[in-house]
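*Asks:* Sequence order for the protein chains is L and P.
Counted from 1, the first sequence has number 317 at position 317 by the working numbering; the numbering is strictly sequential.
To get the working numbering, take the position in the second sequence, counting from 1, and add 396.
Don't be surprised by glycine CBs; every beta carbon is placed ideally from N, CA and C.
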Amino acid sequence: MPIDAEGVAKSSRVFHRDPETVKSVPIREQVLELEARGEWIAQRVPEPYAEVANKLGRAKKIPLARTWHHKSCGQCGHIPGYSTSIFWLHRKLGLDYHDPRDQTSCTAWNYYASATSNPTAQAAVALRNFAAAYESGYFPLIHCATSYGHYKEVREELIGSQKLRDQVRRIMDMMKKPMVMPEEIVHYSEWVHAVRDRIAARKVLDLSNVVATVHPACHYHKLVAEDAIYDPDIYGGQRTATVTATLKALGVQVADYSTWFDCCGFGFRHILVQRDFSRSFAVQRKIEVMKDEANPDVTVTHDTGCVTTLDQSQFAARAHQRRVGIPVLSEAQLCALAMGAHPYRVCQLHWHNTDTRKLLEKMGIDHEARWREFEADVARLKRGEIQFLGWEDADV
Amino acid sequence: MGCDTSKYAAVPLAEKLRLFEQVKADERFSHGLYGCYECGVCVAVCPSARFYDFSPRWIAQALAREDADLVYKFMNEDVWDCSQCFSCDKCPRGNSPGGLITILREVAVRNGLKSAKDALEGYGRIIYKILSTGTQVAPDMLQPNAFPDWGPHVKEISENLEWWRRALPPETLHTTETSWEVSEQTLRELYLIWYASGVMEMIKEVDEGLHMILTDVMEEKLEEAGFALDATAQD
Ligand code: SF4
Ligand code: SF4
Numbered sequence: 001m002p003i004d005a006e007g008v009a010k011s012s013r014v015f016h017r018d019p020e021t022v023k024s025v026p027i028r029e030q031v032l033e034l035e036a037r038g039e040w041i042a043q044r045v046p047e048p049y050a051e052v053a054n055k056l057g058r059a060k061k062i063p064l065a066r067t068w069h070h071k072s073c074g075q076c077g078h079i080p081g082y083s084t085s086i087f088w089l090h091r092k093l094g095l096d097y098h099d100p101r102d103q104t105s106c107t108a109w110n111y112y113a114s115a116t117s118n119p120t121a122q123a124a125v126a127l128r129n130f131a132a133a134y135e136s137g138y139f140p141l142i143h144c145a146t147s148y149g150h151y152k153e154v155r156e157e158l159i160g161s162q163k164l165r166d167q168v169r170r171i172m173d174m175m176k177k178p179m180v181m182p183e184e185i186v187h188y189s190e191w192v193h194a195v196r197d198r199i200a201a202r203k204v205l206d207l208s209n210v211v212a213t214v215h216p217a218c219h220y221h222k223l224v225a226e227d228a229i230y231d232p233d234i235y236g237g238q239r240t241a242t243v244t245a246t247l248k249a250l251g252v253q254v255a256d257y258s259t260w261f262d263c264c265g266f267g268f269r270h271i272l273v274q275r276d277f278s279r280s281f282a283v284q285r286k287i288e289v290m291k292d293e294a295n296p297d298v299t300v301t302h303d304t305g306c307v308t309t310l311d312q313s314q315f316a317a318r319a320h321q322r323r324v325g326i327p328v329l330s331e332a333q334l335c336a337l338a339m340g341a342h343p344y345r346v347c348q349l350h351w352h353n354t355d356t357r358k359l360l361e362k363m364g365i366d367h368e369a370r371w372r373e374f375e376a377d378v379a380r381l382k383r384g385e386i387q388f389l390g391w392e393d394a395d396v
Numbered sequence: 397m398g399c400d401t402s403k404y405a406a407v408p409l410a411e412k413l414r415l416f417e418q419v420k421a422d423e424r425f426s427h428g429l430y431g432c433y434e435c436g437v438c439v440a441v442c443p444s445a446r447f448y449d450f451s452p453r454w455i456a457q458a459l460a461r462e463d464a465d466l467v468y469k470f471m472n473e474d475v476w477d478c479s480q481c482f483s484c485d486k487c488p489r490g491n492s493p494g495g496l497i498t499i500l501r502e503v504a505v506r507n508g509l510k511s512a513k514d515a516l517e518g519y520g521r522i523i524y525k526i527l528s529t530g531t532q533v534a535p536d537m538l539q540p541n542a543f544p545d546w547g548p549h550v551k552e553i554s555e556n557l558e559w560w561r562r563a564l565p566p567e568t569l570h571t572t573e574t575s576w577e578v579s580e581q582t583l584r585e586l587y588l589i590w591y592a593s594g595v596m597e598m599i600k601e602v603d604e605g606l607h608m609i610l611t612d613v614m615e616e617k618l619e620e621a622g623f624a625l626d627a628t629a630q631d
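Spelled out as structure tokens, the structure:
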């Protein structure tokens, strides 16, 4: 029997959060204070925005539209249905966004993997991207949890060090770009969280028989932890509500498992050059525990590395008769599917490793017919009838 | 193994202290370490501690006790086992053992320690990709020989790569060599950052060959863009 996540952290006591009792100065105030001192421009969250509570109970503004999409290299490169689904959701909800070409990755994957970088370089990369967003008039929405966590680290370092700010300013001056810090650093899954009721209202599939486990991304809720979204109605406010609240809004059964806090095994350098660790950890500490304790139809997460490691690690484990076989999706892909997105044209599930077909059947999606449609698209591309598959083709 | 430092007994204490001073001089160090209760919370949550002879507690303790011998040993071996997941930010003392490890690794790279060179062996093409293109991984890295343990689906992707990339609705994703289309001007600005922040010097310490290849790619573009290379030198 899966353990119902609803029952987790239920207590007769209610643990109230009171932002007044928290001693640290809110980060937003520190960002605005540095703006007042002429150190940088604090880009304001544009209207319309939603306000959600962070771990300390402080309000965090989440922009709903006019967002500058800070893409993820691992998502766009290896799980492109992840990014495509995020864009598709914006289009379907009629929320304006910008997909820039003047964006680099945060380069933090390399920073955490090889240490061939330093705080000045990392802060300059962040501020160059923020300046590009500011100049476009759109507000950064960050697709990768590592970029999100790392930019929050960078923000703390910049707030704490005049020397670092001066070093970065020198580089920004050479580029003739302004020093800009967004008022909030926002992850795409917080945007999904903020619009989850709109998504649920447009749902075309019944997901009430789907059981899902959630893997919260380390760099989302552990790195500069106070900024993550918490909600007293989800896990009694003791774990981040991001992803779980969205799944519940979709009507999915969220099941608990004991190693939810463990990382996925990605390890940055490990996934590239020492994958024996990543595979063992992902299978033994995550997938098998989920299988034994919850036996879910799918595990859902909100970051690049987590989808990659949890999904790709299951293949080799099959040869060792390990208890694997759980499809791995981002919540953006699951939301898109729930709203009727094409599993291959939009969610691009053929880039995933672990078989998703049983899950699709349970969701009432005719994957054979949809795959034939995708294959026909590819045939048209090969015949030169079309050069690319556009948004207008994605929903046909 | 463990906390045995005898392997490094021949390294003069002055050298160990010199490197430790570089760790302490890093602005992030004081915020990553406030002492250590030696409670082991960081070990309980650490994925690498489950699979390797590795402990974030040893590292935090050694740094808190200013044990230069142990710090040197960790810098030469253990730090590369860390997954950089930051689960250990749970530390009740407010430490960030993972963040301290980032600093130790950087000092190892800056000083061209053998451990850093060994850890980065086979990693050059990945550093090349991120520094020269601005995206860390790219679709064309999905090759069966690079990911044999991911099964035949990698081969299927690599064989269909061009078509499957063209079948992506977002216009920026039709690329195969980068994860998305990055403009020329953006690349030049990125190269400027690597030069002006000392990253190129770090690369030179650990991989001269890679440094040469990168220099070839970057310097011409920087000059085209009118960025004077002398002006990028660090203060
Ligand atoms: S959790 Fe913190 S205080 Fe406890 S052993 Fe680890 S570093 Fe030391
Ligand atoms: S950051 Fe490193 S030391 Fe800390 S918990 Fe993760 S693997 Fe362990």
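What is the rounded straight-line gap between the Cα of residue 181(L) and the Cα of residue 316(L)?
*Replies:* 43 angstroms
*Asks:* Check residue 429(P) in the structure and name its three-state DSSP category.
*Replies:* coil
*Asks:* Between 562(P), 434(P) and 605(P), which lies nearest to residue 487(P) when the distance is taken from Cα to Cα?
*Replies:* 434(P)
*Asks:* Compute the Euclidean distance between the alpha carbons of residue 556(P) and residue 141(L), then round it to the nearest angstrom.
*Replies:* C-alpha separation (whole angstroms): 31 angstroms.
*Asks:* Run the CB neighbour count on residue 165(L), radius 10 Å, all protein chains shown included, and call it buried at 16 or more, exposed below.
*Replies:* buried
*Asks:* Drop a sphere of 10 angstroms on the beta-carbon of residue 495(P), count the other beta-carbons inside from all chains shown, and report buried for 16 or more, exposed for fewer.
*Replies:* Residue 495(P) sits buried, since 16 or more C-beta atoms from the chains shown fall within 10 Å of its C-beta.
*Asks:* Per the DSSP calculation, residue 54(L) is bridged to which residue(s)?
*Replies:* 229(L)
*Asks:* Report yes or no: is there a C-beta of chain L within less than 8 angstroms of the C-beta of residue 485(P)?
*Replies:* Chain L, which has a Cβ nearer than 8 angstroms to the Cβ of residue 485(P), makes this yes.
*Asks:* Kindly indicate which residue of 513(P), 441(P) and 462(P) has the alpha-carbon position closest to the one of residue 473(P).
*Replies:* 513(P)
*Asks:* Nearest to residue 219(L) by CA position, among 262(L), 331(L) and 249(L), is which residue?
*Replies:* 262(L)
*Asks:* Who does residue 187(L) pair with in a DSSP beta bridge?
*Replies:* DSSP lists 142(L) as partners of residue 187(L).
*Asks:* Inspect the CB distances between the segment 594-603 of chain P and the segment 376-386 of chain L and report whether three or more fall short of 8 angstroms.
*Replies:* no
*Asks:* Is residue 161(L) helix, strand or coil by DSSP?
*Replies:* coil
*Asks:* With distance defined between alpha-carbon atoms, name the residue in 190(L), 132(L), 272(L) and 135(L) nearest to residue 49(L).
*Replies:* 190(L)
*Asks:* Give the residues of chain L in contact with residue 514(P), contact being defined as C-beta atoms less than 7 angstroms apart.
*Replies:* Near residue 514(P) there are no residues of chain L at all, since even the closest Cβ is about 11 angstroms away, more than 7 angstroms.
*Asks:* With the cut-off set at 8 angstroms, would you say residue 83(L) and residue 71(L) are in Cβ contact?
*Replies:* Yes.
*Asks:* If you measure from the beta carbon of residue 320(L) to each beta carbon in chain P, is any gap under 8 angstroms?
*Replies:* In terms of beta-carbon proximity, residue 320(L) stays away from the interface with chain P, with every pair separated by 8 angstroms or more.
*Asks:* Whose C-beta lies closer than 8 angstroms to the C-beta of residue 214(L) among residues of the same chain, with five residues either side of it excluded?
*Replies:* 5, 243, 244, 247, 254, 260, 299, 300 and 301
*Asks:* Who are the near neighbours of residue 497(P) in its chain, counting only those whose CB is closer than 6 angstroms to its CB and skipping five residues on each side?
*Replies:* Beyond the five residues adjoining it in sequence on each side, residue 497(P) comes within less than 6 angstroms, by CB distance, of 475 and 478 in the same chain, given in chain order.
*Asks:* Terminal residues of the continuous beta strand (DSSP E) containing residue 69(L)?
*Replies:* 67-70
*Asks:* What residues from chain L crowd round residue 493(P), counting only those whose CB sits closer than 8 angstroms?
*Replies:* Ordered by position in chain L, no residue passes the 8 angstroms Cβ test against residue 493(P), which lies about 12 angstroms from the chain.
*Asks:* In terms of alpha-carbon separation, which member of 278(L), 159(L) and 216(L) lies closest to residue 398(L)?
*Replies:* Outside the displayed span of chain L (1 to 396) sits residue 398(L), for which this structure offers no information.
*Asks:* Within its chain, find whatever has a CB closer than 8 angstroms to the CB of residue 137(L); leave out the 5 residues flanking it on each side and keep chain order.
*Replies:* 66
*Asks:* Would residue 207(L) and residue 519(P) qualify as a contact pair, given that the criterion is a beta-carbon distance under 8 angstroms?
*Replies:* no
*Asks:* Identify every residue that forms a DSSP beta bridge with residue 330(L).
*Replies:* BP columns for residue 330(L) point to 301(L).
*Asks:* Exposed or buried, what is residue 631(P) when buried is set at 16 or more other beta-carbons lying within 10 Å of its beta-carbon?
*Replies:* No answer about residue 631(P) holds up, because its pLDDT of 49 lies below 50 and its placement is not dependable.
*Asks:* Rounded to the nearest angstrom, what separates residue 416(P) and residue 493(P) at their Cα positions?
*Replies:* 16 angstroms
*Asks:* Between residue 137(L) and chain P, is the shortest Cβ-Cβ distance under 8 angstroms, so that the two count as touching?
*Replies:* no
*Asks:* Could you tell me the alpha carbon to alpha carbon distance between residue 457(P) and residue 436(P), rounded to whole angstroms?
*Replies:* 10 angstroms
*Asks:* Strictly under 8 angstroms for the Cβ-Cβ distance: is residue 209(L) near chain P by that measure?
*Replies:* no
*Asks:* Under the rule that 16 or more other beta-carbon atoms within 10 Å means buried, what is residue 614(P), buried or exposed?
*Replies:* buried
*Asks:* I want to see whether chain P comes within less than 8 angstroms of residue 219(L), judged by CB atoms only; does it?
*Replies:* yes
*Asks:* Any C-beta of chain P sitting closer than 8 angstroms to the C-beta of residue 101(L)?
*Replies:* yes
*Asks:* Closer than 7 angstroms between the C-beta and any heavy atom of ligand 2: which residues qualify, listed along the chain?
*Replies:* Listed by chain position, these are 263(L), 438(P), 441(P), 442(P), 443(P), 444(P), 445(P), 452(P), 478(P), 479(P), 480(P), 481(P), 482(P), 483(P), 484(P), 493(P), 494(P) and 497(P).
*Asks:* Below 8 angstroms on the Cβ atoms is my contact criterion, and I expect residue 525(P) with residue 540(P) to pass it. Report the Cβ-Cβ distance as a whole number of Å.
*Replies:* Actually they are not in contact, since the Cβ atoms of residue 525(P) and residue 540(P) sit about 18 angstroms apart, beyond 8 angstroms.
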